[in-house]
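Peer 1:
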Ligand SMILES: [Zn+2]
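In my numbering, the protein residues as written are 1080 to 1355.
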């Protein structure tokens, strides 16, 4: 078995993330001479072949908070438990205070339903909608999609989990790729076809009118930007994960950058790496 087969095998283990550090140390070895501040993985959904040819390099931090990637799980949890109607709207005025905690959007989005809120990654919508979810309920879905978060007794507000901001939620790039591949192929069988259909549509809208509108329309994706703690202002990590073509996915990808917002770093870089 050569190194590529070995890595492919590793990444295809649905819950085998204990081994992921091996994957990253192996990538580190491969790309040491070509330092860059991102890591990118792409997977062929038919053959399960993992393309490492443009994998990039991240110095040491191979984990990051998922940020808005977690809204994919929140979206599924809300619909599967019928906690929200797809038509239900919340007005985004750019800022909201829930139980003494403030949530913000970069700009007021106006009236948002679930689909538009995912496309625009509206924190105001999701922080309010999340009030209907229990943490126990939410963690059932994170587990179904391969995450094994160790949640302490001193939990964060539910909106922090729904927005992927709780410090206990740090994830690897391989877990992010696994999440989007499972969504693309509708592999978690307990989730209804209708929920997948609505999620795919909202993820497609993300690259048509939403946060990734610089990307091509046949991609379904989700972006995320996480402010680094204890850093100067404007210091971010950013994500984009997705699949294409929307109607019959053949590729899934995940990109993490160690600096810059998704608008300034992850999306332009993804466009370049995906070579549309
Ligand atoms: Zn908003």
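All C-beta atoms in this analysis are idealised placements derived from N, C-alpha and C, irrespective of residue type, glycine included.
Let me make sure I understand the geometry here. Which of 1157, 1125, 1233, 1116 has the alpha-carbon closest to that of residue 1271?
Peer 2: Of the listed residues, the one whose Cα sits closest to residue 1271 is 1157.
Peer 1: Just to confirm, is the Cβ distance from residue 1127 to residue 1352 under 8 angstroms?
Peer 2: No.
Peer 1: Any contact between the stretch 1283-1298 and the stretch 1196-1211? By contact I mean 3 or more CB pairs, one from each, below 8 angstroms.
Peer 2: As far as the Cβ criterion goes, the stretch 1283-1298 touches the stretch 1196-1211, which means the pair count is three or higher.
Peer 1: Determine the DSSP secondary structure at residue 1247, reduced to helix, strand or coil.
Peer 2: In this structure, residue 1247 counts as helix in the three-state DSSP scheme.
Peer 1: Does the contact criterion of 3 or more C-beta pairs under 8 angstroms hold for the stretch 1258-1267 versus the stretch 1223-1237?
Peer 2: The stretch 1258-1267 vs the stretch 1223-1237: in contact.
Peer 1: Is it right to say residue 1297 is buried, meaning 16 or more other beta carbons lie within 10 angstroms of its own, or is it exposed?
Peer 2: Residue 1297 should be labelled exposed.
Peer 1: Between which residues of its own chain and residue 1274 is the CB-CB distance below 7 angstroms, once the five residues before and five after are set aside?
Peer 2: Excluding residues within five positions, the ones whose Cβ falls inside 7 angstroms are 1155, 1158, 1159.
Peer 1: Report yes or no: do three or more beta-carbon pairs, one from the stretch 1117-1126 and one from the stretch 1336-1354, lie closer than 8 angstroms?
Peer 2: Taking 8 angstroms as the limit for Cβ pairs, the verdict is that the stretch 1336-1354 does touch the stretch 1117-1126.
Peer 1: Where are the alpha helix (DSSP H) runs, 4 residues long or more, that stay fully inside the stretch 1265-1289, in chain order?
Peer 2: Listed in chain order, they are 1272-1287.
Peer 1: Assuming residue 1316 contacts residue 1143 under a Cβ cut-off of 8 angstroms, what Cβ separation, rounded to an integer in Å, is found between them?
Peer 2: Yes, they are in contact, since the Cβ atoms of residue 1316 and residue 1143 sit about 5 angstroms apart, within 8 angstroms.
Peer 1: Let me know the secondary structure DSSP gives residue 1259 once reduced to three states.
Peer 2: In the structure shown, residue 1259 sits in a helix (DSSP, three-state: H, G or I).
Peer 1: Assuming residue 1201 is part of the beta strand (DSSP E), what are its boundary residues?
Peer 2: Segment: none, residue 1201 is in no beta strand (DSSP E) and carries neither H nor E.
Peer 1: Can you list, in chain order, the residues of its chain with a C-beta nearer than 8 angstroms to that of residue 1194? Leave out the 5 residues immediately preceding and following it.
Peer 2: Closer than 8 angstroms at Cβ, skipping near neighbours: 1165, 1277, 1280, 1281, 1284.
Peer 1: What are the boundary residues of the beta strand (DSSP E) that residue 1332 is part of?
Peer 2: From DSSP, the beta strand (DSSP E) with residue 1332 extends over 1330-1336.
Peer 1: Label residue 1257 either buried or exposed according to how many other C-beta atoms from any shown protein chain fall within 10 Å of its C-beta, with 16 as the threshold for buried.
Peer 2: Buried, since its Cβ has 16 or more Cβ neighbours within 10 Å.
Peer 1: Could you give the first and the last residue of the continuous alpha helix (DSSP H) run that contains residue 1154?
Peer 2: First-last of the alpha helix (DSSP H) with residue 1154: 1150-1159.
Peer 1: Say yes only if the C-beta of residue 1174 is nearer than 7 angstroms to one or more non-hydrogen atoms of ligand 2, and no if none qualify.
Peer 2: Ligand 2 is absent from the structure shown, which contains only ligand 1.
Peer 1: Am I right that residue 1039 and residue 1318 are in contact with their C-beta atoms under 8 angstroms? What's the rounded C-beta distance?
Peer 2: It is not possible to answer for residue 1039, since the shown part of the chain is limited to 1080 through 1355.
Peer 1: Quick one: using the 10 Å Cβ neighbour count with 16 as the cut-off for buried, is residue 1349 buried or exposed?
Peer 2: Result: buried.
Peer 1: Is DSSP giving residue 1168 helix, strand or coil here?
Peer 2: Three-state DSSP puts residue 1168 in coil, outside helix and strand.
Peer 1: Looking at residue 1154 and ligand 1, is the gap between the Cβ and the nearest heavy atom below 7 angstroms?
Peer 2: Checking the Cβ of residue 1154 against ligand 1 gives no.
Peer 1: Alpha carbon to alpha carbon, how far is residue 1241 from residue 1179? Give it in angstroms, no decimals.
Peer 2: Rounded to whole angstroms, residue 1179 to residue 1241 spans 17 angstroms at the Cα level.
Peer 1: Do you know whose CA, among 1191, 1185, 1268, 1175, lies nearest residue 1238's CA?
Peer 2: The shortest C-alpha separation from residue 1238 is found at 1175.
Peer 1: Whole angstroms is fine: what's the gap from residue 1344's alpha carbon to residue 1218's?
Peer 2: Their backbone Cα atoms lie some 30 angstroms apart in a straight line.
Peer 1: With distances taken from CA atoms, which of 1306, 1300, 1231 is nearest residue 1328?
Peer 2: Measuring from the Cα of residue 1328, the nearest candidate turns out to be 1300.
Peer 1: Looking at ligand 1, does it come within less than 7 angstroms of residue 1204, judged from the CB to the closest heavy atom?
Peer 2: At least one heavy atom of ligand 1 is nearer than 7 angstroms to the Cβ of residue 1204, so yes.
Peer 1: Whose C-beta lies closer than 8 angstroms to the C-beta of residue 1181 among residues of the same chain, with five residues either side of it excluded?
Peer 2: Result list for residue 1181: 1174, 1175, in chain order.
Peer 1: Alpha helix (DSSP H) containing residue 1349: first to last residue?
Peer 2: Segment 1346-1353, the alpha helix (DSSP H) holding residue 1349.
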